[in-house]
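From first to last, the protein sequence lines stand for chains Z and G.
The first sequence maps to residues 14 to 279 in this note's numbering.
The second sequence maps to residues 14 to 279 in this note's numbering.
Yeah, the Cβ is synthetic: ideal placement off N, Cα and C, and Gly gets one too.
What follows is a set of notes on a single structure, which appears directly below.
2 protein chains.
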Amino acid sequence: MSTHSQNPGTLFLVPTPLDFGMDAAPATPLDQWLPGETLATARRLTYWISENAKSTRAFLKRVESVGNLAAPLQAQHIAALPRAAHKRGDHTPEAELEAQARALLIPALQGHDIGLVSEAGMPAIADPGSSIVRAAHALGMRVVPLTGPISLMLALAASGLNGQSFAFVGYVPQEASERARRLRELEALALKSGQTQILIETPYRNSALLQSLFQTLQPGTRLAVSAALSLTQQVSRSALISEWRRHRALPDSLPLQAPCVFLLGR
Amino acid sequence: MSTHSQNPGTLFLVPTPLDFGMDAAPATPLDQWLPGETLATARRLTYWISENAKSTRAFLKRVESVGNLAAPLQAQHIAALPRAAHKRGDHTPEAELEAQARALLIPALQGHDIGLVSEAGMPAIADPGSSIVRAAHALGMRVVPLTGPISLMLALAASGLNGQSFAFVGYVPQEASERARRLRELEALALKSGQTQILIETPYRNSALLQSLFQTLQPGTRLAVSAALSLTQQVSRSALISEWRRHRALPDSLPLQAPCVFLLGR
């Protein structure tokens with residue numbers, strides 16, 4: 014259709030629930046976590062870009078249980094993010110990454126709306142996908158972010174730490190002395206500037222990171238941890254390091270095998 | 014009830030829609046922006062802490078139009094955040110602020126769950142409320158953050174900027190030369206470290222901030238702006254400063270009188 018070729022489709026950023034990939038989690042109806050506009054858009058779209066086609070199909074199956082999809086599952090177009098887009102700072106030249114991203118957006122030039130999804134939470138936040146968003150802007154596409162759970166911000170709100178100034182710094186080094194040095198650096202920044210520092214870790218290293226935080230940080234620094242956010246077993250704790258050390262039971266109450274967010278500040 | 018005095022109530026962090034306070038906005042049904050769990054909790058709670066009792070009543074009226082409240086509007090208990098909690102870094106000693114926050118949580122010690130709400134978006138993020146959250150943790154209360162729209166993160170996802178490392182820095186100085194200095198400082202940090210810098214401004218100064226960004230930043234720096242997020246007229250744009258300068262029409266397409274989020278990085 015000629016009107017379509019003149020008006021490119023819209024790129025929707027579609028959040029997914031935070032229980033993704035956790036086998037033990039009961040499949041709570043999606044409308045508990047995703048609002049009406051997000052679900053209506055997910056039902057309407059038939060073109061997708063994602064990290065993993067299999068989990069996107071699983072997500073669409075859950076969307077379908079809330080209401081009919083515009084096209085049956087087998088007829089949905091799911092394209093995989095280029096591997097290089099999975100992390101920044103790799104050796105793929107920016108121009109090549111952009112070319113790959115533009116290629117994935119070709120259906121939009123034919124007038125189709127496209128949904129970008131990640132494995133859990135908001136695409137392009139603590140997750141790949143930003144190269145697709147940059148390419149969409151370069152092509153003159155409309156970009157519309159939709160509401161859903163974002164673990165970093167749920168954890169920040171629940172921490173009682175400064176939410177008027179904060180930074181997400183991703184992962185800290187694995188090697189013990191390097192990690193301690195990085196944690197002290199983040200603590201100094203947080204105490205001096207008042208900027209809350211937010212970090213994450215792969216679940217099987219959560220316990221080691223928590224021990225390292227206890228050992229490294231000063232008694233008067235506040236440490237908050239949120240685990241299994243938005244799930245039934247979710248826990249958020251916030252206390253000074255001196256209090257964490259005094260109450261040895263505190264860490265035991267955290268489901269550290271689930272995804273966690275760690276926050277420190279004053 | 015004796016069981017209640019032993020188990021304090023839970024503090025729920027209840028997000029509100031982003032159209033709050035915008036008179037022109039049509040009152041879209043809340044379930045478009047807030048998921049089922051958030052709405053069910055808002056319907057069930059009868060004790061609230063908020064910046065402004067009037068707008069909390071307006072919010073509850075909108076909740077009621079989605080489903081019955083556990084208590085009629087006139088029977089809801091709405092306590093106002095202490096003035097000093099409205100911003101950090103003021104002159105109220107931390108101990109006094111904490112005492113005021115604890116006083117507001119007394120109903121929780123009697124077993125009542127309490128909801129903390131802000132004017133728009135997530136409480137305690139780019140908004141007051143963190144002193145209440147800290148006091149709740151100190152009292153051994155459970156703290157549960159609920160899902161809803163968070164303008165900073167919608168804007169970040171829509172920016173195409175680095176979402177694996179980012180900082181929210183709040184407001185920049187109003188005075189022109191101080192503002193330019195601060196913007197150059199944030200740009201240097203973003204270009205050096207790859208950390209996306211996120212800022213906000215009061216709506217009537219959005220236009221001046223945008224001009225200042227155009228004039229101050231380097232041609233190769235990426236600037237993104239999201240305006241009127243989650244509303245019908247929402248717009249998100251992202252381009253290099255050189256492109257913003259070339260396409261004079263770009264800024265005109267932004268509803269700058271609405272709340273905006275500004276982001277810069279590489």
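{"Asked": "Under 8 Å, do Z/Ala-168 and Z/Leu-52 count as touching if we go by C-beta distance?", "Found": "no"}
{"Asked": "Using a C-beta to C-beta distance shorter than 8 Å, which residues of chain G count as neighbours of Z/Ile-62?", "Found": "The premise fails here: Z/Ile-62 is roughly 13 Å from chain G at the closest Cβ pair, so nothing lies under 8 Å."}
{"Asked": "Counting only beta-carbon atoms, is G/Ala-180 nearer than 8 Å to chain Z?", "Found": "yes"}
{"Asked": "Which residues bound the alpha helix (DSSP H) around G/His-260?", "Found": "No alpha helix (DSSP H) contains G/His-260, which DSSP labels as neither H nor E."}
{"Asked": "By Cβ distance, which residues of its chain are closer than 8 Å to G/Trp-46, with the 5 residues on each side in sequence left out?", "Found": "Pro-30, Leu-31, Gly-161, Pro-162 and Ser-243"}
{"Asked": "Does the Cβ of Z/Gly-102 have 16 or more other Cβ atoms within 10 Å, making it buried, or fewer, making it exposed?", "Found": "Note that Z/Gly-102 has pLDDT 49, beneath the 50 cutoff, so the model's placement of it is unreliable and the number below is only indicative. It is exposed - the Cβ of Z/Gly-102 has fewer than 16 other Cβ atoms within 10 Å."}
{"Asked": "Between the Cα of G/Ala-112 and those of G/Ile-145, G/Asp-140 and G/Leu-26, spot the shortest distance and give me the residue it belongs to.", "Found": "G/Ile-145"}
{"Asked": "Using a C-beta to C-beta distance shorter than 7 Å, which residues of chain Z count as neighbours of G/Pro-48?", "Found": "Asp-44, Gln-45, Trp-46, Leu-47 and Pro-48"}
{"Asked": "Any beta-carbon of chain Z closer than 8 Å to the one on G/Arg-261?", "Found": "no"}
{"Asked": "Could you give the DSSP three-state label for Z/Ile-138: helix, strand or coil?", "Found": "coil"}
{"Asked": "Give the single residue among G/Pro-120, G/Gln-228, G/Ala-108 and G/Gly-134 whose Cα lies nearest to the Cα of G/Ala-241.", "Found": "G/Gly-134"}
{"Asked": "Could you please give the first and the last residue of the uninterrupted beta strand (DSSP E) stretch that includes G/Ile-163?", "Found": "Note, G/Ile-163: premise wrong, no beta strand (DSSP E); not H, not E."}
{"Asked": "Starting from Z/His-125 and walking both ways along the alpha helix (DSSP H), at which residues does that stretch end?", "Found": "No alpha helix (DSSP H) holds Z/His-125; DSSP gives it neither H nor E."}
{"Asked": "Please classify Z/Ile-81 as buried or exposed, where buried requires at least 16 neighbouring CB atoms within 10 angstroms.", "Found": "Before going on, a small fix: residue 81 of chain Z reads as Asn here, not Ile. The residue in question, Z/Asn-81, is exposed, as its Cβ has fewer than 16 Cβ neighbours within 10 Å."}
{"Asked": "Inspect the beta-carbon positions of Z/Ile-62 and Z/Ala-92 and report whether they are closer than 8 Å.", "Found": "yes"}
{"Asked": "Closest to G/Arg-261 by CA distance: which of G/Arg-235, G/Phe-227 and G/Ile-127 is it?", "Found": "G/Phe-227"}
{"Asked": "So is Z/Gln-210 buried or exposed if we call it buried at 16+ other beta carbons inside 10 Å?", "Found": "buried"}
{"Asked": "Identify which residue in G/Val-248, G/Pro-272, G/Gly-183 and G/Pro-232 has its Cα closest to the Cα of G/Arg-3.", "Found": "Chain G is shown from 14 up to 279; residue 3 of chain G falls before or after that span and cannot be answered."}
{"Asked": "Kindly list, in the order they appear in chain G, the residues whose Cβ is closer than 9 Å to that of Z/Ser-266.", "Found": "Per Cβ cutoff of 9 Å: no residues; Z/Ser-266 is ~11 Å from chain G at best."}
{"Asked": "Counting only runs of 4+ residues fully inside the stretch 168-213 of chain G, write out the alpha helix (DSSP H) ranges in chain order.", "Found": "189-206"}
{"Asked": "Please classify G/Gln-246 as buried or exposed, where buried requires at least 16 other C-beta atoms within 10 Å of its C-beta.", "Found": "exposed"}
{"Asked": "If contact means a Cβ-Cβ distance below 9 Å, which residues of the stretch 160-171 of chain G contact chain Z?", "Found": "Thr-160, Gly-161, Pro-162, Ile-163, Leu-165, Met-166, Leu-167, Ala-168, Leu-169, Ala-170 and Ala-171"}
{"Asked": "Output the boundary residues of the alpha helix (DSSP H) element that contains G/Ala-221.", "Found": "219-229"}
{"Asked": "Residues of chain G with a CB under 7 Å from the CB of Z/Val-156: which are they?", "Found": "Ala-171 and Ser-249"}
{"Asked": "Determine, using beta-carbon pairs with one atom in the stretch 120-134 of chain G and one in the stretch 64-78 of chain G, whether at least three such pairs fall under 8 Å.", "Found": "yes"}
{"Asked": "What does the Cβ neighbour count give for G/Tyr-60, buried or exposed, with the cut at 16 atoms within 10 Å?", "Found": "buried"}
{"Asked": "Counting only runs of 3+ residues fully inside the stretch 37-66 of chain Z, write out the beta strand (DSSP E) ranges in chain order.", "Found": "60-63"}
{"Asked": "Return the chain-ordered list of same chain residues with a C-beta closer than 7 Å to the C-beta of G/Trp-257, the five sequence neighbours on each side being excluded.", "Found": "Phe-227, Leu-236 and Leu-263"}
{"Asked": "In the DSSP assignment, find the beta strand (DSSP E) that holds G/Arg-250 and state where it starts and stops.", "Found": "248-253"}
{"Asked": "Where does G/Arg-192 land, buried or exposed, given buried means 16+ other C-beta within 10 angstroms?", "Found": "buried"}
{"Asked": "Is Z/Arg-194 close to chain G, meaning its C-beta is less than 8 Å from at least one C-beta of that chain?", "Found": "no"}
{"Asked": "Looking at the structure shown, is Z/Val-156 part of a helix, part of a strand, or coil, going by DSSP?", "Found": "strand"}
{"Asked": "For G/Ser-239, which of G/Arg-259, G/Ser-225, G/Ser-255 and G/Pro-216 has the nearest alpha-carbon?", "Found": "G/Pro-216"}
{"Asked": "Tell me whether Z/Leu-117 sits in a helix, a strand or coil according to DSSP, three-state version.", "Found": "helix"}
{"Asked": "Check whether the Cβ atoms of Z/Leu-196 and Z/Val-185 sit closer than 8 Å, and answer yes or no.", "Found": "yes"}
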